[in-house]
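Here the structure is laid out as structure tokens; the discussion comes afterwards.
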Amino acid sequence: MAQCCGVSNSRKPSSLCKGDFKNFEKIAKELEKWVDTSQRSKVSSQTSEPQDRALPNPPISLPGDSSALTELASFDPLLMDSYSYVYTVVQEAVEEIAQMGETMQDMSLLTQQAQQAQIGKQQTLKQVRNDILWARMMPLNEILQRFPRMVRDLSAKNDKQVRLKTFGTNTLVDKAVLEKLFDPLVHLIRNAFDPWYRATSSADETRETL
Numbered sequence: 012m013a014q015c016c017g018v019s020n021s022r023k024p025s026s027l028c029k030g031d032f033k034n035f036e037k038i039a040k041e042l043e044k045w046v047d048t049s050q051r052s053k054v055s056s057q058t059s060e061p062q063d064r065a066l067p068n069p070p071i072s073l074p075g076d077s078s079a080l081t082e083l084a085s086f087d088p089l090l091m092d093s094y095s096y097v098y099t100v101v102q103e104a105v106e107e108i109a110q111m112g113e114t115m116q117d118m119s120l121l122t123q124q125a126q127q128a129q130i131g132k133q134q135t136l137k138q139v140r141n142d143i144l145w146a147r148m149m150p151l152n153e154i155l156q157r158f159p160r161m162v163r164d165l166s167a168k169n170d171k172q173v174r175l176k177t178f179g180t181n182t183l184v185d186k187a188v189l190e191k192l193f194d195p196l197v198h199l200i201r202n203a204f205d206p207w208y209r210a211t212s213s214a215d216e217t218r219e220t221l
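Counting from 12, one number per residue, gives the positions in the sequence shown under the numbering used here.
Following this line, the structure appears as structure tokens:
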């Protein structure tokens with residue numbers, strides 16, 4: 012019974028349990044019908060027995076009823092114990108099947124609750140992950156705001172008028188990536204300033220030489 016709710020390659024556990032429960036329910040209904048029929052037969056045989064004993068002369072068989080009377084005459088009363096035993100076994104089987112059905116319903120309910128709990132945990136984990144990612148995000152202006160002063164210092168040192176324009180300062184970047192961007196950007200600014208400075212310096216020297 013524990014394997015009926017196991018993982019299957021073709022069906023989900025919940026659908027598998029529901030299908031098996033329907034089969035058990037169908038079998039239980041058939042057995043209940045059989046038990047009811049057996050009970051009615053037993054009661055009718057017990058009620059007809061005193062009437063047959065009260066009659067002084069049994070009725071003569073009518074045409075067409077010979078086969079039924081033959082079967083009744085050949086019926087051994089000792090077999091009633093066997094039928095009673097079979098009835099008891101079947102009744103116990105019906106009760107066990109009913110208990111199995113209730114157990115499978117409980118397992119199906121537990122499976123649904125576990126699936127809902129898993130979905131809730133996945134949503135919570137996703138939300139926490141997004142919160143952590145957003146907590147690590149920082150605006151690009153955190154490092155870009157350092158460069159205007161550096162450019163002013165270079166401009167004052169070399170007596171040149173330089174203006175730095177920055178764009179996209181509100182762009183969010185991961186903190187670890189942002190820290191690694193600082194040194195490359197410093198080199199870019201210095202490399203962009205130094206050739207211009209060397210070119211203007213060489214031009215001034217040429218003019219002085221002339």
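Using N, Cα and C, we set each Cβ at its ideal position, and we do this for glycine too. Every value quoted in this text rests on a predicted model; they were computed, and no experiment measured them.
message = For S95 and E107, what's the separation of their Cα atoms in angstroms?
response = Approximately 18 angstroms, taken between the alpha carbons.
query = With distances taken between CB atoms, is the gap from F158 to L175 smaller than 8 angstroms?
reply = Contact flag set, yes.
ask   = Using DSSP with H/G/I as helix, E/B as strand and the rest coil, what is L66?
value = Any reading at L66 is ruled out, since the residue's pLDDT is 47, under 50, leaving its predicted position unreliable.
task = Assign M115 to one of two classes, buried (16 or more other C-beta atoms within 10 Å of its C-beta) or exposed (fewer than that).
result = By the beta-carbon neighbour count (other beta carbons within 10 angstroms, threshold 16), M115 is buried.
query = Counting pairs of Cβ atoms below 8 angstroms between the stretch 179-194 and the stretch 149-169, do you hit three or more?
reply = Counting Cβ pairs under 8 angstroms, three or more are found: they touch.
query = If you drop the 5 nearest sequence neighbours on each side, which residues of the same chain put their C-beta closer than 7 angstroms to that of R201?
reply = Cβ neighbours of R201 beyond the five flanking positions: none.
message = Please list the terminal residues of the continuous beta strand (DSSP E) segment that includes L183.
response = 183-185 is the extent of the beta strand (DSSP E) around L183.
Among V100, M111, P150, nearest to G179 - alpha-carbon criterion = If we check each option's Cα against that of G179, P150 comes out closest.
query = By Cβ distance, which residues of its chain are closer than 6 angstroms to T177, with the 5 residues on each side in sequence left out?
reply = Result list for T177: L155, in chain order.
inquiry  = Let me check one thing: in DSSP terms, what residues is M149 bridge-paired to?
reply    = Bridge partners of M149: V184.
task = Note down the Cα distance separating A167 from P195, rounded to an integer number of angstroms.
result = Rounded to the nearest whole angstrom, the C-alpha separation of A167 and P195 is 23 angstroms.
query = For G112, which option in Q124, A203, K37 has the closest C-alpha, if you only look at C-alpha atoms?
reply = For G112, the nearest C-alpha among the options comes from K37.
query = Looking only at C-alpha atoms, which of L144, V188, L189, V162 sits nearest to A203?
reply = Cα-wise, what sits closest to A203 is V162.
query = When the Cα atoms are used, what is the spatial distance from D117 to A125?
reply = Their backbone Cα atoms lie some 12 angstroms apart in a straight line.
request  = Measure the C-alpha to C-alpha separation of S72 and Q110 and round it to an integer number of angstroms.
outcome  = Summary for S72: the model assigns pLDDT 44, below 50, so the residue's position carries little reliability, and this model does not support an answer.
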